[in-house]
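Taken in order, these protein sequences are the chains called A and B.
Heads up, the final residue of the first sequence is numbered 114 in the working numbering, and it's a clean run with no missing numbers.
Heads up, the final residue of the second sequence is numbered 227 in the working numbering, and it's a clean run with no missing numbers.
Here the structure comes first, spelled out in structure tokens, and everything after it is commentary.
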Amino acid sequence: GAVVSQHPSWVICKSGTSVKIECRSLDFQATTMFWYRQFPKQSLMLMATSNEGSKATYEQGVEKDKFLINHASLTLSTLTVTSAHPEDSSFYICSTAVWGNEQYFGPGTRLTVT
Amino acid sequence: DQQVKQNSPSLSVQEGRISILNCDYTNSMFDYFLWYKKYPAEGPTFLISISSIKDKNEDGRFTVFLNKSAKHLSLHIVPSQPGDSAVYFCAARVYNQGGKLIFGQGTELSVKP
Numbered sequence: 001g002a003v004v005s006q007h008p009s010w011v012i013c014k015s016g017t018s019v020k021i022e023c024r025s026l027d028f029q030a031t032t033m034f035w036y037r038q039f040p041k042q043s044l045m046l047m048a049t050s051n052e053g054s055k056a057t058y059e060q061g062v063e064k065d066k067f068l069i070n071h072a073s074l075t076l077s078t079l080t081v082t083s084a085h086p087e088d089s090s091f092y093i094c095s096t097a098v099w100g101n102e103q104y105f106g107p108g109t110r111l112t113v114t
Numbered sequence: 115d116q117q118v119k120q121n122s123p124s125l126s127v128q129e130g131r132i133s134i135l136n137c138d139y140t141n142s143m144f145d146y147f148l149w150y151k152k153y154p155a156e157g158p159t160f161l162i163s164i165s166s167i168k169d170k171n172e173d174g175r176f177t178v179f180l181n182k183s184a185k186h187l188s189l190h191i192v193p194s195q196p197g198d199s200a201v202y203f204c205a206a207r208v209y210n211q212g213g214k215l216i217f218g219q220g221t222e223l224s225v226k227p
């Protein structure tokens, strides 16, 4: 399957600071990437769709000014959690559609806000 | 409103037996269904998918069945192995929305030796 990487794999930050998470497609060009969030023992919830060279599309209830998404190249999308608070602590996962019908996921980033 | 539901949070199966994981959906605008396997603190791993125009897809030990009239799909794992123990998510792709997936809540499968 396609290889998708994320960095960092784990980050702890203080409340009020911003954190950037990178998602890279390593062996193909991804015009579209997706960002998901998973709280413990819960489902993966789509946050936004990231399109290369254009603004991201956010799901209902997701604050676009708080979760900044940039997809400046075909291999990199970034998610910045601005002014993070403890309730933003979660597992963030990116994915990308490959050959239309399958979606491959990165390993995820665990964010802990203290 | 949960559009994709996995009503069994957990399932325990003996090694060598069949594991059957179920998933129900409510939206008719899904064109593809996918199953993922996930370990804690890792990203989901793609297992198998099925188009909404099919009723069965098989890949090795994994078979997915789709019953469109009942809006139900299931993943069969035969024979089950201890290494299959993980959380399994079904996901539905929304038609014509660039690949957007809606996930179920997941079922934790435990395969006992």
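Even glycine gets a Cβ: it sits at the ideal position worked out from N, Cα and C.
Since this is a predicted model, take the numbers as computed values, not measurements.
The closest CA to that of Tyr150/B, considering only Thr177/B, Glu129/B, Pro193/B, is found on Thr177/B. Here Glu87/A carries a helix assignment [DSSP, helix/strand/coil].
Neighbours of Thr32/A in chain B, taken as residues whose beta carbon is under 7 Å from its own, are Gly212, Gly213 in chain order. The DSSP-derived three-state label of Asp173/B is strand.
Asp88/A has its alpha-carbon roughly 10 Å from the corresponding atom of Ser15/A. With a cut-off of 8 Å on Cβ pairs, the segment 116-123 of chain B is not in contact with the segment 20-34 of chain A, counting fewer than three such pairs. Between Thr57/A and Leu68/A, the gap from beta carbon to beta carbon reaches 7 Å or more. Excluding sequence positions up to five before and after Trp35/A, its CB lies within less than 6 Å of the CB of Met47, Ala48, Leu79, Cys94, all in the same chain and listed in chain order.
Under the 7 Å criterion on CB atoms, Ser43/A is classed as interfacial with respect to chain B. In the three-state DSSP reduction, Asp27/A falls in the coil class, being neither helix nor strand. Counted as a single uninterrupted DSSP element, the beta strand (DSSP E) harbouring Met33/A occupies residues 32-38. In this structure, the straight-line span from the alpha carbon of Ser166/B to that of Gly157/B is close to 25 Å. Shown here, Asp138/B sits in a strand according to DSSP, grouped into three states.
In this chain, the beta strand (DSSP E) harbouring Asp145/B covers 144-152. Glu172/B has a beta carbon lying at 7 Å or more from every beta carbon in chain A. The C-alpha of Gln128/B is placed about 39 Å away from the C-alpha of Arg24/A. Per DSSP, the beta bridge partners of Thr57/A are Thr49/A. About 5 Å separates the Cβ atoms of Ala206/B and Tyr139/B, confirming a contact at the 8 Å cut-off.
Membership of Ala200/B in the beta strand (DSSP E) is indicated by the continuous run 200-208.
Ranked by how close their Cα comes to the Cα of Pro193/B, the residues Gly130/B, Ile164/B, Val225/B have Gly130/B in first place.
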